[in-house]
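A.B. asks:
Shown next as structure tokens:
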């Protein structure tokens, strides 16, 4: 995946909390409703805890401690605003690439909502290191990327993408990161549409599983339109999405299913009654459904008896 060198970026859609001080002693777990937890949050807070509190190391390059961001957290976007102005910046600067991905995802949903006669409310992505306080409570880097319905923000410690490769063996790559972010914005779409309240319970056909699979499908829908969705400047940010890009997203989906995680990281036993996100095969199926059709209505995981 590459970005159009001449397309403009809107750095205001990302808020940089990294390096802000003022918050020692952040504790507890983030309490997210309606499928808000991100990819690694599935492991830490749903699967492993329910399988008996399996310990997952907190190292592997993550910023230490929980005091990086606290009640006095400050947004400092000056660096992003000065460095991330065009697609050319996104092609050479990772932070700018994330800005571009967020811009593209939100531009698509803005236009899709408008076609449906409604208004999409943009949500910022917030970069943090180590820990963060949100409208849903306190979270650490181990939560992974997540969406908080209470404040309608997406949160991410960018070191997560290294964890995805080293801990889970995913291929990685920029489009993997785009898939993860588009999934979290899928939860924002669900929040705006009122679907989030359906995401309850555990088990293979639970509302939680259906909500997560729908967010995967919404990520695929965006991927279908990524290279044709114009920004406010009138030009698409993304010039192409290759088969290798899609393969990397599907590889990641295959490594974050409930069955894969329980078997590989949770002691080898698969307990379907604890499913909250769907199997690896289901996650791949629903991302593919979104990508192949490009149609949000085809993502109705709540209206089918066949989740895959």
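In the working numbering, the protein residues as written are 296 to 603. Positions of the beta carbon are idealized from the N, C-alpha and C atoms, including for glycine. Computed from a predicted structure; not experimentally measured.
1. Buried or exposed: residue 578, going by 16 or more other Cβ atoms within 10 Å of its Cβ?
2. CB-CB under 7 Å to residue 508, same chain, minus the five flanking residues each way: which ones, in chain order?
3. Since residue 429 sits in a beta bridge, which residues does DSSP pair it with?
4. Roughly how far, in whole angstroms, is the beta-carbon of residue 426 from the beta-carbon of residue 300, given that I think they are within contact range, below 8 Å?
5. Considering just the uninterrupted stretch of the beta strand (DSSP E) at residue 443, what are its terminal residues?
6. If you reduce the DSSP assignment to three classes, tell me which class residue 239 lands in.
7. Can you name the residues that DSSP bridges to residue 422?
8. Tell me the DSSP bridge mates of residue 297?
9. For the stretch 488-576, list the beta strand (DSSP E) runs that are entirely contained and at least 3 residues long, ordered along the chain.
10. Let me check understanding here. Comparing Cα to Cα, which of 500, 380, 594 lies closest to residue 571?
11. What is the DSSP secondary structure of residue 303, reduced to helix, strand or coil?
12. Taking Cβ positions, are residue 532 and residue 402 nearer each other than 9 Å?
13. Can you tell which of 307, 494, 375, 591 has its C-alpha closest to the C-alpha of residue 519?
14. The alpha helix (DSSP H) spanning residue 416 covers which residue range?
15. Measure the Cβ-Cβ separation of residue 550 and residue 473 and say whether it is below 9 Å.
16. Exposed or buried, what is residue 428 when buried is set at 16 or more other beta-carbons lying within 10 Å of its beta-carbon?
17. Expressed to the nearest angstrom, what Euclidean distance is found between the alpha-carbon atoms of residue 561 and residue 526?
18. Go ahead and pull the three-state DSSP assignment for residue 599.
19. Would you tell me roughly how many angstroms separate the C-alpha atoms of residue 461 and residue 537, rounded to the nearest one?
20. Nearer than 8 Å: is that true of the beta carbon of residue 463 relative to any heavy atom of the ligand COA?
21. Could you spell out where the alpha helix (DSSP H) holding residue 446 opens and where it closes?
22. Given a cut-off of 9 Å on the beta-carbon distance, is the pair residue 296 and residue 459 in contact?
23. Who are the Cβ neighbours of residue 463 in its own chain at under 6 Å, not counting the five residues just before and after it?
C.D. replies: According to the structure data:
1. With 16 or more other Cβ atoms within 10 Å, it is buried.
2. 573, 577, 578, 581, 596, 602
3. 432
4. The Cβ separation is near 36 Å, so there is no contact.
5. 441-443
6. The structure shown does not extend to residue 239, since the chain is modelled only from 296 through 603, so no value can be given for it.
7. 311, 451
8. 535
9. 533-535
10. 500 is the residue among 500, 380, 594 whose C-alpha sits nearest the C-alpha of residue 571.
11. Of the three classes helix, strand and coil, the one that applies to residue 303 here is strand, per DSSP.
12. In terms of Cβ geometry, residue 532 and residue 402 form a close pair [threshold 9 Å].
13. 591
14. Note, residue 416: premise wrong, no alpha helix (DSSP H); not H, not E.
15. no
16. buried
17. 43 Å
18. In the structure shown, residue 599 sits in coil (DSSP, three-state: anything other than H, G, I, E or B).
19. 24 Å
20. Although the ligand COA was asked about, the structure shown includes no ligands whatsoever.
21. Per DSSP, residue 446 belongs to no alpha helix (DSSP H) and is neither H nor E.
22. no
23. 550
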